[in-house]
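> Here it is: the structure, laid out below.
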Amino acid sequence: MEFNDNLPIYIQIMDLIKSRIVSGQINGGDKLPSVREFSKNLKVNPNTIQRTYQELEREDLVFTQRGMGTFVTEDIGIIKRLKKDMAGTIVNNFIVEMEKIGFGPNEIVEIVSECIEKEDK
Numbered sequence: 180m181e182f183n184d185n186l187p188i189y190i191q192i193m194d195l196i197k198s199r200i201v202s203g204q205i206n207g208g209d210k211l212p213s214v215r216e217f218s219k220n221l222k223v224n225p226n227t228i229q230r231t232y233q234e235l236e237r238e239d240l241v242f243t244q245r246g247m248g249t250f251v252t253e254d255i256g257i258i259k260r261l262k263k264d265m266a267g268t269i270v271n272n273f274i275v276e277m278e279k280i281g282f283g284p285n286e287i288v289e290i291v292s293e294c295i296e297k298e299d300k
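In structure tokens:
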């Protein structure tokens, strides 16, 4: 994994795990890799993975069972809310960038509609 110097590594790893959860690559109830294993795979300090898991736990996306490991929540509502929040962030960023290059709301909708129609063909 390539890390961006402008964002803390633990946040980038959180985003990776969140993306995998909402895309279904990681399912509710799945066990996440151990801190040691994940840090070795990503070539980061184990404390970084520990912080990542703590923050995900604070957001109720994962839970830790002592001696067993860290697991993804099975609460579908939390996962759906995360997916919707992530989509909102992507859409907002898209709109901001489109406005920066001079497009208005109606033009943005038109362009998106055209792109969707092309995808459906």
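According to this note's numbering, the sequence shown is numbered sequentially starting from 180. In this text, a Cβ means the ideal position worked out from N, Cα and C, and glycines have one as well.
Grab me the residues of Phe250's own chain with a C-beta within less than 8 Å of its C-beta, minus the 5 sequence neighbours each way, in chain order.
Gly208, Asp209, Lys210, Leu211, Val241, Phe242, Thr243, Gln244
> Buried or exposed, going by whether 16 or more other CB atoms sit within 10 Å of the CB of Ile190?
exposed
> In whole angstroms, what separates the C-alpha of Glu238 from that of Gly283?
35 Å
> Quick one: what does DSSP say Val241 is sitting in, helix, strand or coil?
strand
> Between the stretch 199-206 and the stretch 257-276, can you find at least three pairs of beta-carbon atoms closer than 8 Å?
Counting C-beta pairs closer than 8 Å gives three or more between the stretch 257-276 and the stretch 199-206, which meets the contact rule.
> From the DSSP output, in three-state form, read off Phe217 for me.
helix
> Drop a sphere of 10 angstroms on the beta-carbon of Thr268, count the other beta-carbons inside from all chains shown, and report buried for 16 or more, exposed for fewer.
exposed
> Can Leu221 and Ile192 be called in contact, C-beta distance under 9 Å?
yes
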